[in-house]
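Visitor: According to numbering that gives the first Met the number 0, the sequence shown is numbered sequentially starting from 0.
All residues carry an ideal CB built from backbone N, CA and C; glycine is no exception.
No experiment lies behind these values; they were computed from the predicted model shown.
After the structure tokens below, expect a handful of questions from me.
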Amino acid sequence: MHYLLFIGAFLFFAFIAPLKVTLATCAMLLIVTAVIRFTTRAVAGVESSYGEAAKAMGLSFFFVVIAFFVLLSFSTGTGVTQFTGLAGYLVFVAFLLSYVLGFKLSLGLSLGVSAIVAVISTVASTALFLAFRSLA
Numbered sequence: 000m001h002y003l004l005f006i007g008a009f010l011f012f013a014f015i016a017p018l019k020v021t022l023a024t025c026a027m028l029l030i031v032t033a034v035i036r037f038t039t040r041a042v043a044g045v046e047s048s049y050g051e052a053a054k055a056m057g058l059s060f061f062f063v064v065i066a067f068f069v070l071l072s073f074s075t076g077t078g079v080t081q082f083t084g085l086a087g088y089l090v091f092v093a094f095l096l097s098y099v100l101g102f103k104l105s106l107g108l109s110l111g112v113s114a115i116v117a118v119i120s121t122v123a124s125t126a127l128f129l130a131f132r133s134l135a
């Protein structure tokens, strides 16, 4: 059932976005998924499929979105609008742990290996985003 939601979301995105943006997004998702798969094999020695790598990427994004909404709810309820000093570092650690937790739960890796995979996939996705942005 959840595959139908992914297909529906992709079709919705494909209809509202220009063709170049849709193709660039698909290419970036495929390349980052391959990077996650190869990094998992190189660092942990664990074979994962492209589907598991895509699931890990999606779950990590989902956990970061949940962490963001929790932070937004906290700041709305308390009136705190700036996180500086120790609070800023705690927010950064919360986002990092939520991102790493997605890789840990979906790929079955340890927390340290998941952190390495998360850092490498983040660097790869940022580089791809900057490369594709300059093409558009």
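At the level of alpha carbons, what is the spacing between G67 and L134?
Guide: Correcting the residue identity first, residue 67 is Phe in this sequence and not Gly. Taking the straight line joining both Cα atoms gives about 30 Å.
Visitor: Three or more beta-carbon pairs under 8 Å between the stretch 1-8 and the stretch 79-90, yes or no?
Guide: Contact between the stretch 1-8 and the stretch 79-90 is absent, because fewer than three Cβ pairs lie under 8 Å.
Visitor: Report all residues from its chain with a CB closer than 8 Å to the CB of M27; omit the five preceding and five following residues, and keep chain order.
Guide: Only S124, L127, F128 and F131 meet the Cβ criterion.
Visitor: Measure the alpha-carbon distance for V31 versus F11 and round it to whole angstroms.
Guide: Rounded to whole angstroms, V31 to F11 spans 22 Å at the Cα level.
Visitor: Sort G101, L106, G111 and A114 by Cα distance to R36 and report the nearest one.
Guide: Here the closest residue by C-alpha is L106.
Visitor: Do S59 and F102 have their C-beta atoms within less than 7 Å of each other?
Guide: Against a cut-off of 7 Å, the Cβ pair of F102 and S59 comes out as a contact.
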